[in-house]
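Scroll down for the structure; my scribbles are underneath it.
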Amino acid sequence: MKVSRIIAAASVALGIGLFANAARSAEPTEITFFIWAGSNQGIVPTEVIEKYRKDHPDVKINILESNNAITYPKMVAAHRTTPDKPLVHCGFFNVDSITKGDVEGLWANLDPARVTNLANIEPKYARPDNKGTPYMMSGIGILYNKNAVKEPPTTWADMWDPKNRGRITMFDYDNRMLVIAARLNGGGEDNIDPGFKIWSENAKNFRALVDSNDAVKNLLVSGDAWMAPWFSGLSYVWIREGAPLGFAIPKEGTIGFPLYLSMAQGVNPAQKAVCEDLINELMSPENAGRYSKLTFAVSLVKNAALDDEQKSDPLLNAELAATSIPFDYGSIGQDAAEWRERWDREVKFKLR
């Protein structure tokens, strides 16, 4: 009798265990996908997600709509405390979040066998080991007041030319301007001294150093400042609104400011498959082209389906990406705090 009871109990326990495992395996796959808020940035990813939900009713996809400044620190906190439970499983990330995430070990590798559209990206913006993929970019060129500047700027060196004393505005602590000045004068990200020398000697070129898009726009439109390093997408919008502005592409090329799709470490195999499916679909020619159109960005998916306006407008077409200058934003990020102190000491001090 004892043996029978033991066998029966074991059978019940085994049955319960099998049932629990089956229940766990039947739980729907759930992910959170991050998208940027505003400016039409959520339209295409929401459409892609809605279609995926219909085709895969067993998958639950939550959409988190915000910005990287708010969301990225929360992702890092989750990664440090519960690395197998990401706050966000995949989505859109700017270059600042991507490079900081590299230091944290935050990003997972995308499988080219599943994300087949990785074969179509602009190669100079490819991520190491496919830890994310370039998707869009804005090219930073020179935005200028057409009433004040009769001949469009032709080179980045116009920004620090002594003839432009008191005519330049830009974001305070814009490290990209340090790097381009260094690159054109024998230095670069790993030797920034020439950049500081250029701006220290020509600090009087600044009409104002600002901290908002509106401040740049107001200074340029009013004519208080004549030129600024600025993003092609926003420039396109302001020009289309009727502002008396022009956008010049320097002979050296625009500075590439890339935007990425990426997947977080800690996803399980089922979540990884969903993320890779969504990323691959967003990179399809049709979706990449439409996202580019709606957000006035330049696609880093080379076979994106562009309409006639996108193909012909130099602020929107693929040539802007192909001729752009890629910066080592990871290196810049590591030195940013030191450069900020030097900027205060060696450049801004000259404005007093």
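For what it's worth, my numbering labels the leading residue of the sequence shown as 33, then goes sequentially. Cβ atoms here follow ideal geometry from the backbone N, Cα and C, with glycine treated the same way.
Run through the DSSP bridge pairs and tell me what residue i is partnered with.
i	result
Ser-331	Met-168
Ala-296	Trp-139
Thr-201	Ala-240
Phe-124	Leu-293
Ala-17	One cannot answer for residue 17 here, as it falls past the ends of the chain, which runs 33 to 384.
Met-259	Tyr-176 and Ile-200
Leu-277	Asn-177
Are the CB atoms of residue j and residue i within a distance shorter than 9 Å?
i	j	result
Phe-279	Leu-150	no
Ser-264	Leu-326	no
Gln-303	Gly-137	no
Asp-193	Asn-234	yes
Val-330	Ala-353	yes
Ala-247	Phe-228	no
Ile-102	Phe-65	no
Lys-283	Thr-148	no
Compute the Euclidean distance between the alpha carbons of residue i and residue j, then round it to the nearest angstrom.
i	j	result
Ala-336	Met-315	8 Å
Val-299	His-111	11 Å
Arg-374	Ile-230	13 Å
Lys-249	Leu-216	27 Å
Leu-293	Arg-146	15 Å
Arg-385	Met-202	With the chain covering only 33 through 384, there is no way to say anything about residue 385.
Ala-42	Val-306	Any reading at Ala-42 must be qualified, since the residue scores a pLDDT of 44, below 50, and its modelled position is unreliable; the value itself is stated next. Computed Cα separation, rounded: 38 Å.
Phe-381	Ser-244	21 Å
Phe-188	Asn-99	Note that residue 188 is Trp in the sequence shown here, rather than Phe. Looking at the two C-alpha atoms, the distance is approximately 30 Å.
Asn-53	Asp-90	Since pLDDT at Asn-53 reaches only 44, below the 50 mark, its modelled position is unreliable, and the value read off the structure follows with that caveat. Taking the straight line from one Cα to the other gives about 17 Å.
Arg-56	Gly-70	With a pLDDT of 44 at Arg-56, under the threshold of 50, the modelled position of that residue is not reliable, and no figure is offered here.
Gly-171	Pro-118	32 Å
Asn-126	Trp-139	13 Å
Lys-83	Thr-355	35 Å
Ala-260	Asp-367	24 Å
Gly-321	Pro-160	25 Å
Ser-267	Ser-254	16 Å
Lys-92	Ile-81	10 Å
Glu-313	Ala-257	43 Å
Please report the residue range of the beta strand (DSSP E) in which residue i lies.
i	result
Val-242	238 to 242
Trp-68	61 to 68
Val-91	91 to 98
Taking only beta-carbon atoms, is residue i less than 9 Å away from chain D?
i	result
Val-135	The question asks about chain D, but that chain is absent: this structure has only one protein chain.
Along the chain, where does the alpha helix (DSSP H) containing residue i start, and where does it finish?
i	result
Asn-207	207 to 215
Trp-270	264 to 272
Gly-362	361 to 378
Leu-251	245 to 254
Go through its chain and collect everything with a Cβ distance to residue i's Cβ below 6 Å, but skip five positions before and after it.
i	result
Arg-208	Ile-287
For residue i, which residues from the same chain have a beta carbon less than 7 Å from its beta carbon, with the 5 sequence-adjacent residues on both sides left out?
i	result
Gly-219	Asp-225, Pro-226 and Gly-227
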